[in-house]
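Visitor: Just so we're aligned, residue 3 is where the sequence shown starts under our numbering, counting upward by one.
Beta carbons are placed, not taken as given, at the ideal position from N, Cα and C, and that holds for glycine.
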Amino acid sequence: MNGSKQGIPWRVSKGEEKTKAARAPGTRKWCALLRGEAGQVSSRDRVMAQFATFLRNSFRRRSSAVRENNFQATAKENVLLRGNKPEGKSLHFPGGQFFEYLVVVSLKRKRPEEEYQPEITYQFPKRENLLKSQKEEEERLLKAIPLFSFPDGITWAPLSEYTSETFSFVLTNVDGSRKFGYCRRLLPSGKGARLPIVYCIISCLGCFGLFSKILEEVEKRHQIATAVIYPFMQALRETPFPAPGKTVTVKSFIPDSGTEFIELTRPLDSRLEHVDFRILIQRVTCENILCIFASAVLERRIIFLAEELSVLSQCTHAVAALLYPFKWEHTFIPVLPRKLIDTVCCPTPFMVGVQTQWKDQVLDMPMEEVLLVDLYEGKLLKKDGDEEYIVPPKLQNEMLISLTEQKNATQTPEQVNKNVSDTFMHFFVRTVGHYTSHIKRSRNEPPTFQEKTFCQDIKSKSIRRFVKKLVKTQMFSIFIQEAEKSPASQEGYFQQKVIEYQRLKKLK
């Protein structure tokens, strides 16, 4: 990208960025791996070569051709290394099943001198009569789950006390479809020191709040008897997934308590049902949230630091959701497993969460142009330096005022989600909401987006300068590709807000 006339240190263009990254000593290893030149690196790093090949392919722009519907690499490569794409395809249809699997992940070891390793000790339901491709996909999925359930990378030992926590991860298929993992890590009931276990629900549905409640019910039954959990989960499997704003009731029997009726309500606005902005605005100042947003919108590298897995997953998903109507199209790992910490040296865009215990190790790594966010102190430990100048000043001030109001107001979680989301969506309405007027359609030729006239149509110089950078991002390119292919995409929630804004503008 070009620097501004005022000397603002704008980020270099994609071509320049690749050249700069190739020259940087800290990223030379990654560049060699990404080019498939594993022979140029040490033997220790050659184990990453297969990962790098997969990573190199995963960052190419998505083709409009039909994609394969199976996992192409091992679960570790496909899920952990390829990266996860939030807000991609998912089956949010009412009437579908709540979940595919419930698994229990425990810490086991074969000999006393060995370290504990996570492994699946129970799976519900057991699927039979699968086709070969289905069986292979299931095996890869189940192999990936343990590492995400215990991503800490620490030496575990029996504990007498442990505070239960809920967190999530995302597994992305090559066709863009996703599977969500919802985890509840807890300490089994009993006396003396015990090892924590994880109950993990795998679903095609992204709805963190809903599944958090389900996992609370699972833990409640776990404290009584493990056998009580599975009738509840079977009843849940037989219950249709509700439409937005609707409630379903699950009937469940608990010994000594009788029959319980559990109500599960899906948020009315399905765009935000996997998001909770409260933790983000509590942990980070409004000014820093705008810096994070600026880095995300230009598809830079972002690392979040926090001790709690729940904070990492919630804040990472929240930042990705700020980009609506666009979608983060690069590596997205809300809780980066310790074994993959070298990912933070990757020269391509990513958004990852790292536990605070690995902070010093991350800071010592040769990272180029990365935004490092400490969610405990609410500070930006490392940044490019131009984040405050990316968003047009007038719009930035308006967003800052709106965010400050949300931070200080007393609101329900749903109100916070809607108001924060609307703040950023309104920014995109004002900057790129006119895109439909510049998609040229004709009977004999495929639709084409007129980028030059689209940018020229913007009167404000600061907004035009910003948009010229935005149109070069992968998320904008894919957004336009989808709009070109499907006129129906222009009838969604974002387009409704564009029409409302344009109508109000004419009345002024």
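For the structure I just gave you, are there three or more beta carbon pairs, one from the stretch 403-415 and one from the stretch 282-292, closer than 8 Å?
Guide: Yes: at least three Cβ pairs fall under 8 Å.
Visitor: Given this structure, state the Cα-to-Cα distance separating L338 from T249, to the nearest angstrom.
Guide: On the sequence shown, position 336 is the one that residue 338 refers to. On the sequence shown, position 247 is the one that residue 249 refers to. The straight-line gap from Cα to Cα measures roughly 34 Å.
Visitor: Helix, strand or coil: how does DSSP classify G208 here?
Guide: Working through the sequence shown from its first residue, we reach residue 208 at position 206. It is coil, neither helix nor strand.
Visitor: Just tell me which of E389, V364, H319 and K253 has its CA closest to the CA of L307.
Guide: Against the sequence shown, residue 307 aligns to sequence position 305. Measuring from the Cα of L307, the nearest candidate turns out to be V364.
Visitor: Taking all protein chains shown into account, do 16 or more other C-beta atoms lie within 10 angstroms of the C-beta of E116, making it buried, or fewer, making it exposed?
Guide: Position 114 of the sequence shown, counting from 1, holds the residue named residue 116. Result: exposed.
Visitor: Could you check where the alpha helix (DSSP H) with L144 kicks off and where it finishes?
Guide: Numbered from its first residue, the sequence shown carries residue 144 at position 142. L144 -> alpha helix (DSSP H) spans K134 to S151.
Visitor: Looking only at C-alpha atoms, which of P190, L189 and T168 sits nearest to C202?
Guide: In the sequence shown, counting from the first residue as 1, residue 202 sits at position 200. Ranking the options by Cα distance to C202, first place goes to T168.
Visitor: Please report how far the alpha carbon of I156 lies from the alpha carbon of Y118, in whole angstroms.
Guide: Stepping through the sequence shown from its first residue, residue 156 is reached at position 154. Stepping through the sequence shown from its first residue, residue 118 is reached at position 116. Going by the C-alpha atoms only, they are around 10 Å apart.
Visitor: So if DSSP puts M511 in a beta bridge, which residue, or which two residues, is it bridged to?
Guide: For the chain, the structure presents residues 3 to 510; residue 511 sits outside this window and is missing.
Visitor: Could you check whether E370 and H332 sit closer than 8 Å to each other, using their CB atoms as the reference points?
Guide: Position 330 of the sequence shown holds residue 332. Position 368 of the sequence shown holds residue 370. Taking 8 Å as the Cβ cut-off, H332 and E370 do not qualify as a contacting pair.
Visitor: Suppose you measure from the CA of S65 to the CA of F182; what does that come to, to the nearest Å?
Guide: Working through the sequence shown from its first residue, we reach residue 65 at position 63. Working through the sequence shown from its first residue, we reach residue 182 at position 180. Residue confidence is low: S65 scores 35 on pLDDT, short of 50, so the model does not pin down where it sits. Its coordinate-derived value is still stated next. Each residue's alpha carbon lies about 24 Å from the other.
Visitor: Spatial neighbours of E453 within its chain, please: C-beta separation below 7 Å, excluding the five flanking residues on both sides.
Guide: If you number the sequence shown from 1, residue 453 lands on position 451. For E453, where only same-chain residues beyond five positions count, the Cβ hits under 7 Å are V473.
Visitor: Tell me which same chain residues have a C-beta within less than 6 Å of the C-beta of I204, skipping the five on either side of it?
Guide: Walking along the sequence shown from the start, residue 204 turns up at place 202. These residues qualify, in order along the chain: E102, Y103, K181 and G183.
Visitor: For N131, does the count of other Cβ atoms within 10 angstroms reach 16, so buried, or fall short, so exposed?
Guide: Position 129 of the sequence shown holds residue 131. With fewer than 16 Cβ atoms within 10 Å of its Cβ, N131 is classed as exposed.
Visitor: Expressed to the nearest angstrom, what Euclidean distance is found between the alpha-carbon atoms of L270 and P246?
Guide: For the purposes of this step, residue 270 is identified with residue 268 of the sequence shown, where counting begins at 1. For the purposes of this step, residue 246 is identified with residue 244 of the sequence shown, where counting begins at 1. So the two alpha carbons sit approximately 5 Å from each other.
Visitor: Would you kindly check if the distance between the Cβ of F243 and the Cβ of L207 is under 8 Å?
Guide: Position 205 of the sequence shown, counting from 1, holds the residue named residue 207. Position 241 of the sequence shown, counting from 1, holds the residue named residue 243. Yes, Cβ-Cβ distance for L207 and F243 is below 8 Å.
Visitor: Is DSSP giving F100 helix, strand or coil here?
Guide: As a position in the sequence shown, residue 100 is number 98, starting the count at 1. Coil.
Visitor: Distance, Cα to Cα, F456 vs H440?
Guide: Here residue 456 refers to the residue found at position 454 when the sequence shown is read from its first residue. Here residue 440 refers to the residue found at position 438 when the sequence shown is read from its first residue. Rounded to whole angstroms, F456 to H440 spans 6 Å at the Cα level.
Visitor: Inspect the CB distances between the stretch 460-467 and the stretch 410-428 and report whether three or more fall short of 8 Å.
Guide: These segments do not touch.
Visitor: By the DSSP assignment, the alpha helix (DSSP H) with D376 in it spans what residues?
Guide: By one-based count along the sequence shown, residue 376 stands at place 374. Looking at the DSSP string, D376 is not in any alpha helix (DSSP H); the run it does join, the beta strand (DSSP E), is V372 to D376.
Visitor: To which residues of the same chain is E309 closer than 8 Å at the C-beta, ignoring the five residues directly before and after it?
Guide: To locate residue 309, count along the sequence shown from 1; it is residue 307. Within the same chain, E309 has close Cβ partners Q357, T358, Q359 and Y378.
Visitor: Go ahead and pull the three-state DSSP assignment for C348.
Guide: Taking the first residue of the sequence shown as 1, we reach residue 348 at position 346. In this structure, C348 counts as coil in the three-state DSSP scheme.
Visitor: With a threshold of 16 other CB atoms inside 10 Å of the CB of Y495, please say whether the residue is buried or exposed.
Guide: As a first step, residue 495 must be located in the sequence shown, where it is residue number 493. Answer is exposed; the Cβ neighbour count stays below 16.
Visitor: Which same chain residues, not among the five before or five after P233, have their C-beta less than 6 Å away from its C-beta?
Guide: What you label residue 233 is simply residue 231 of the sequence shown in a count that begins at 1. For P233, where only same-chain residues beyond five positions count, there are no Cβ hits under 6 Å.
Visitor: Counting pairs of Cβ atoms below 8 Å between the stretch 219-226 and the stretch 185-204, do you hit three or more?
Guide: Judged by Cβ distances under 8 Å, the stretch 219-226 makes contact with the stretch 185-204, as three or more pairs qualify.
Visitor: Measuring alpha carbon to alpha carbon, tell me which residue in A159, L274 and V252 is nearest E265.
Guide: For this step, residue 265 is matched to residue 263 along the sequence shown. For E265, the nearest C-alpha among the options comes from V252.
Visitor: Using a Cβ-Cβ cutoff of less than 6 Å, which residues in the same chain neighbour F295 once the five nearest sequence positions on both sides are dropped?
Guide: Here the question's residue 295 lines up with position 293 in the sequence shown. Only L324 meet the Cβ criterion.
Visitor: Please return the same chain residues whose Cβ sits closer than 6 Å to the Cβ of I392, not counting the five positions on each side in sequence.
Guide: Within the sequence shown, numbered from 1, the residue matching residue 392 stands at position 390. Result list for I392: A296, in chain order.
Visitor: Could you spell out the range, first to last residue, of the beta strand (DSSP E) harbouring I122?
Guide: Numbered from 1 along the sequence shown, position 120 holds the residue referred to as residue 122. Counting along the chain, the beta strand (DSSP E) containing I122 begins and ends at Q119 to F126.
Visitor: Start and end of the alpha helix (DSSP H) containing I294?
Guide: In the sequence shown, the residue the question calls residue 294 occupies position 292. That run of the alpha helix (DSSP H) goes C288 to V299.
Visitor: For the alpha helix (DSSP H) that T455 lies in, which residues bound it at each end?
Guide: Your numbering for residue 455 matches position 453 in the sequence shown. Note, T455: alpha helix (DSSP H), E453 to Q458.
Visitor: What is the residue span of the alpha helix (DSSP H) that Y495 lies within?
Guide: Within the sequence shown, numbered from 1, the residue matching residue 495 stands at position 493. Y495 to L509 is the span of the alpha helix (DSSP H), which, as asked, contains Y495.
Visitor: Could you tell me the boundaries of the alpha helix (DSSP H) in which E2 lies?
Guide: Outside the modelled stretch of the chain, which goes from 3 to 510, sits residue 2, for which no answer is possible.
Visitor: Over the uninterrupted beta strand (DSSP E) stretch that includes L266, give me the two end residues.
Guide: Your numbering for residue 266 matches position 264 in the sequence shown. Start and end: G260 to T267.
Visitor: What's the call for E275, buried or exposed, on a 16-neighbour Cβ count within 10 Å?
Guide: The residue you call residue 275 lines up with position 273 of the sequence shown. Under this definition E275 is a buried residue.
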